[in-house]
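Our numbering puts the first residue of the sequence shown at 8, with every later residue one more than the last. Report on the following structure.
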Amino acid sequence: MKVLVIGSGGREHAIAKQFNDSPSVTNVYVAPGNDGMKNDAECIGIDATNFEALASFAIEQRIDLTFVGPEQPLAEGIVDFFTDKGLLIFGPTKAAAQIEGSKSFAKEIMSKYDIPTAAYGTFTDAEEAKAFIRQQGAPIVVKADGLAAGKGVIVAMTIEEALHAVDDMIGNQRFGESSSRVVIEEFLDGEEFSYMSFVHDGQIYPMVIAQDHKRAYDGDRGPNTGGMGAYSPVPHIPEHVIEEAYKTVVVPTVRAMTEEGVPFTGILYAGLILTNQGPKVIEFNARFGDPETQVVLPRMASDFGEFMMALMNKEPFELTWHDDAMLGVVVASDGYPGDVVNGAQLPDLTKLNGVDVFHAGTKADGDHFIGNGGRVLLAAAKAKTLEEAQTQVYNKLNEVEWNGFFYRTDIGWRAFQSK
Ligand code: AMP
Ligand code: GLY
C-alpha cells in the first residue's frame, strides 16, 4: 500500500518510519516533511494546509491512506475535505478535532458525561476571570482556550502569577484568538502520563503509555514546552490505573463524541494525571503526541500499515507491542520555547549512529544540517530496560558538541526516583 503522512516534525518522522518498516507498505510520502527524514520517506513540497494540492497528489499517486500528524490541518478540516473527495484519511473531522482545539468544548463534554477532570470556569472577561482566581486561590491553572502549540498553559503557584497570565492572554492577546477565552482550572497534583488510542467508528485500540517532560529545564523547571523528552513504558503507573483510565476516560469519551453527533476517528490522546482520586484528564489531543509518538510507535510489534487498514475496514485485529523500553531526548535550539535563531550548524549526526534520530526542525545545508525551529531532533534508544535506554542515549548525545542547542540531562528521572 501507499501512504501519505501530513506534517513535518519528529512525530511525523516516527509515523513515516513506522510505515516504512511495515512489510505491507511499499511507498511512504510526507508532506512537507523535512530534510532529515529522507532516508525513511519521500518528502513532497506541499504545505500541510494546502488541502487542494494534497488531495490532488493523493489522487494522482493512488494513495491508499493519508495519515494526519499535526493539529492545525485537522482543526482546519483536512479530513472533511479528503472524505468529500472519496479519499481515505485517518484523523478527526473539523468538528471532532474540537476536543483538542477548544478546551471549553472538551471541558463541557467531560462535565456532561462525568469524565474525571479538574473543576474549572470559562471566561472571556478579564475582570471576571480575576475575581474567580482571587476567590479560588493558588496554585491554579490558566489555559488559553484554543491552540497554542503546547505553550498556552500557565500553572500559577501564586495569585499574582495567575492574574498576570489573564492580562497576558485576554488583555494582550498573547495567543491571538486562541486566548480571547481562557479556562481556569483547579490545580491537580500527581504523576502525569499520556495514554493514546487508535479510534474509528466506536472501535478503540489503546497504545502503551508514555510520560512526556513538558518543562524546558532539568528537574521539571522552567517554562512549559511542546515536550523535551519522553519514555515508555511508565513503570510507576500501575496496570490497574491504566485499566481504570480506559474505563472512566477513554471509552466514555469515545461514546460521548458519538452521542454528541461528532463521532471521533483518529488518535485520541488523553493527557492524564494520577491523583488520590484516581486518573483525571488534563487535556485531550486529537492526534499523536510529540515526542510521545517517537517512543511509543517503535514499540508496536504489529505491521502498522496492515493494522491501519484493518481499523479503517473494521476488521478484527490483534495489535501487539514489544516489551522493550524506549527513551528519547529532545535537542532544542537555544532560547526555546521562546524565540530562537535558526541556522546554527548541527554536529555531524552520523556520530549518533546506534541510536534512533527523529528529525523535527532541521534543514540540510551542504553536507551538514542546521537548526530550523525550536525542537530540532529527538534521539532515542530501545533497550531491555529504561535505565539502559537512558544510558545509551546520553552516552551518544554527550559525545558531541551542541553549540547553539540544548537538551535536558534528566529525561526519565521520575521512573528512577521511586526505585
Ligand atoms: P496542557 O497543555 O493542557 O497539557 O498543559 C501543560 C502542562 O500543564 C501539563 O502537562 C501539566 O503539567 C500542567 N497542567 C495542566 N493542567 C493542570 C492542572 N489542572 N493541574 C496541574 N497541572 C496542570
Ligand atoms: N507532548 C504533548 C503533546 O503532543 O501535546
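C-beta atoms are modelled at their ideal positions from N, C-alpha and C, and glycine is treated no differently. Since we're looking at a predicted model, the values are computed, not measured.
Cα-Cα separation, residue 263 to residue 395:
Here residue 263 refers to the residue found at position 256 when the sequence shown is read from its first residue. Here residue 395 refers to the residue found at position 388 when the sequence shown is read from its first residue. So the two alpha carbons sit approximately 41 Å from each other.
Would you identify the three-state DSSP class for residue 7, choosing helix, strand or coil?
The displayed coordinates of the chain run from 8 to 426. Any statement about residue 7 would go beyond what the structure contains.
In chain order, what are the residue ranges of uninterrupted alpha helix (DSSP H) at least 4 long that sit wholly in the segment 241-287?
246-252 and 258-266
Contact test: residue 150 Cβ vs the ligand AMP heavy atom, cutoff 8 Å
As a working mapping, residue 150 is identified with position 143 in the sequence shown. Yes, the Cβ of residue 150 comes within 8 Å of a heavy atom of the ligand AMP.
Please report the Cβ distance between residue 55 and residue 301, rounded to the nearest whole angstrom; I am assuming they are in contact, meaning their Cβ atoms lie under 8 Å.
By one-based count along the sequence shown, residue 55 stands at place 48. By one-based count along the sequence shown, residue 301 stands at place 294. The Cβ separation is near 19 Å, so there is no contact.
Classification of residue 330 by the beta-carbon crowding that lies within 10 angstroms, buried from 16 upward:
Indexing the sequence shown from 1 puts residue 330 at position 323. Looking at its Cβ environment, which holds fewer than 16 other Cβ atoms inside 10 Å, residue 330 is exposed.
What first and last residue would you give for the alpha helix (DSSP H) that runs through residue 421?
The count along the sequence shown starts at 1 and reaches residue 421 at position 414. Taken as a continuous stretch (DSSP letters only), the alpha helix (DSSP H) holding residue 421 covers 420-424.
Element boundaries [alpha helix (DSSP H), containing residue 230]:
The residue you call residue 230 lines up with position 223 of the sequence shown. Note, residue 230: premise wrong, no alpha helix (DSSP H); beta strand (DSSP E) at 228-231.
Continuous beta strand (DSSP E) stretch holding residue 179: start and end:
Indexing the sequence shown from 1 puts residue 179 at position 172. Unbroken run through residue 179: none, as it is neither H nor E.
Does the beta-carbon of residue 230 have 16 or more other beta-carbons within 10 angstroms, so that it is buried, or is it exposed?
Here residue 230 refers to the residue found at position 223 when the sequence shown is read from its first residue. Exposed, since its Cβ has fewer than 16 Cβ neighbours within 10 Å.
Using a 10 Å radius around the Cβ and a threshold of 16 neighbouring Cβ atoms, would you call residue 323 buried or exposed?
Counted from its first residue, the sequence shown places residue 323 at position 316. So residue 323 ends up on the exposed side.
Which one of 325, 141, 410 and 338 has the shortest CA to CA distance from residue 211?
For the purposes of this step, residue 211 is taken as the residue at position 204 of the sequence shown. Nearest C-alpha to residue 211 among 325, 141, 410 and 338: 325.
If you scan the segment 107-156 from start to end, which runs of the alpha helix (DSSP H) of 4 or more residues do you find wholly inside it?
110-119 and 133-143
Are there 16 or more other CB atoms within 10 angstroms of the CB of residue 25, so buried, or fewer, so exposed?
Looking up residue 25 in the sequence shown gives position 18. Residue 25 comes out buried.
Is the Cβ-Cβ distance between residue 173 and residue 160 less than 9 Å?
Counted from its first residue, the sequence shown places residue 173 at position 166. Counted from its first residue, the sequence shown places residue 160 at position 153. No, these two residues do not count as a Cβ contact at 9 Å.
Just to confirm, is the Cβ distance from residue 5 to residue 182 under 9 Å?
Summary: the structure shown does not reach residue 5, with the chain confined to residues 8 through 426, and so no result is reported for it.
If contact is defined by three or more beta carbon pairs under 8 Å, each pair taking one atom from either stretch, is the segment 124-135 in contact with the segment 182-192?
yes
Quick one: residues in its chain with C-beta nearer than 7 Å to the C-beta of residue 379, no 5 flanking neighbours on either side, listed in chain order?
Counted from its first residue, the sequence shown places residue 379 at position 372. 349, 368, 369 and 370.
Where does residue 24 fall in DSSP's three states?
Residue 24 sits at position 17 when you count from the first residue of the sequence shown. In the structure shown, residue 24 sits in a helix (DSSP, three-state: H, G or I).
Would you identify the three-state DSSP class for residue 374, choosing helix, strand or coil?
The residue labelled residue 374 in the question sits at position 367 within the sequence shown. Residue 374: coil per DSSP, three-state reduction.
Would the beta-carbon of residue 225 be found less than 8 Å away from any heavy atom of the ligand GLY?
Working through the sequence shown from its first residue, we reach residue 225 at position 218. It does not: the Cβ of residue 225 is nowhere closer than 8 Å to a heavy atom of the ligand GLY.
Residue 309 to residue 31 span [Cα, whole Å]:
For the purposes of this step, residue 309 is taken as residue 302 along the sequence shown, with counting starting at 1. For the purposes of this step, residue 31 is taken as residue 24 along the sequence shown, with counting starting at 1. About 11 Å.
The beta strand (DSSP E) spanning residue 334 covers which residue range?
In the sequence shown, the residue the question calls residue 334 occupies position 327. Residues 332-340.
Coil, strand or helix - residue 407 by DSSP:
As a first step, residue 407 must be located in the sequence shown, where it is residue number 400. Three-state DSSP puts residue 407 in coil, outside helix and strand.
Outcome for residue 291 when other beta-carbon atoms lying within 10 angstroms are tallied against a minimum of 16
On the sequence shown, position 284 is the one that residue 291 refers to. By the Cβ-count criterion, residue 291 is buried, with 16 or more other Cβ atoms from all chains shown falling within 10 Å of its own Cβ.
Say the cut is 8 Å; is the CB of residue 196 nearer than that to a heavy atom of the ligand AMP?
On the sequence shown, residue 196 is found 189 positions in, with the first residue counted as 1. Yes, the ligand AMP has a heavy atom inside 8 Å of this Cβ.
Can you tell me where the beta strand (DSSP E) holding residue 77 begins and where it ends?
Here the question's residue 77 lines up with position 70 in the sequence shown. Careful: residue 77 lies outside any beta strand (DSSP E) and carries neither H nor E.
Shortest alpha-carbon distance to residue 213 belongs to which of 201, 319, 359 and 405?
Residue numbering aside, residue 213 sits at position 206 when the sequence shown is read from its first letter. When only C-alpha atoms are compared, the closest one is 201.
Would you call the segment 99-115 and the segment 37-49 in contact, with 3 or more CB pairs under 8 Å?
Output reads no: the segment 37-49 does not touch the segment 99-115.
Which same chain residues, not among the five before or five after residue 92, have their C-beta less than 7 Å away from its C-beta?
Within the sequence shown, residue 92 is the residue found at index 85, counting from 1. If we look at residue 92 and ignore the five residues flanking it on each side, its Cβ neighbours are 62.
Integer Cβ distance of residue 78 from residue 293, believed to fall under 8 Å
In the sequence shown, counting from the first residue as 1, residue 78 sits at position 71. In the sequence shown, counting from the first residue as 1, residue 293 sits at position 286. Correct: roughly 7 Å between the Cβ atoms.
Between which two residues does the alpha helix (DSSP H) harbouring residue 171 extend?
For the purposes of this step, residue 171 is taken as the residue at position 164 of the sequence shown. Here the alpha helix (DSSP H) through residue 171 covers 166-173.
Go ahead and label residue 237 buried or exposed: buried means 16 or more other beta carbons lie within 10 angstroms of its beta carbon, across all protein chains shown.
Along the sequence shown, one-based indexing puts residue 237 at 230. Residue burial is scored here from C-beta neighbours: residue 237 has at least 16 other C-beta atoms within 10 angstroms and is therefore classed as buried.
Given residue 251, which residues of its chain have a CB within under 7 Å of its CB, disregarding the five upstream and five downstream residues?
Here residue 251 is taken as the residue at index 244 of the sequence shown, counted from 1. Cβ within range, chain order: 285 and 286.
Span of the beta strand (DSSP E), counted from its first residue to its last, around residue 193
Taking the first residue of the sequence shown as position 1, residue 193 is located at position 186. Here the beta strand (DSSP E) through residue 193 covers 189-193.
Applying the criterion that 16 or more other CB atoms from any shown protein chain within 10 Å of the CB defines a buried residue, is residue 423 buried or exposed?
Here residue 423 corresponds to residue number 416 of the sequence shown, with the count starting at 1. Exposed, by the Cβ-count rule.
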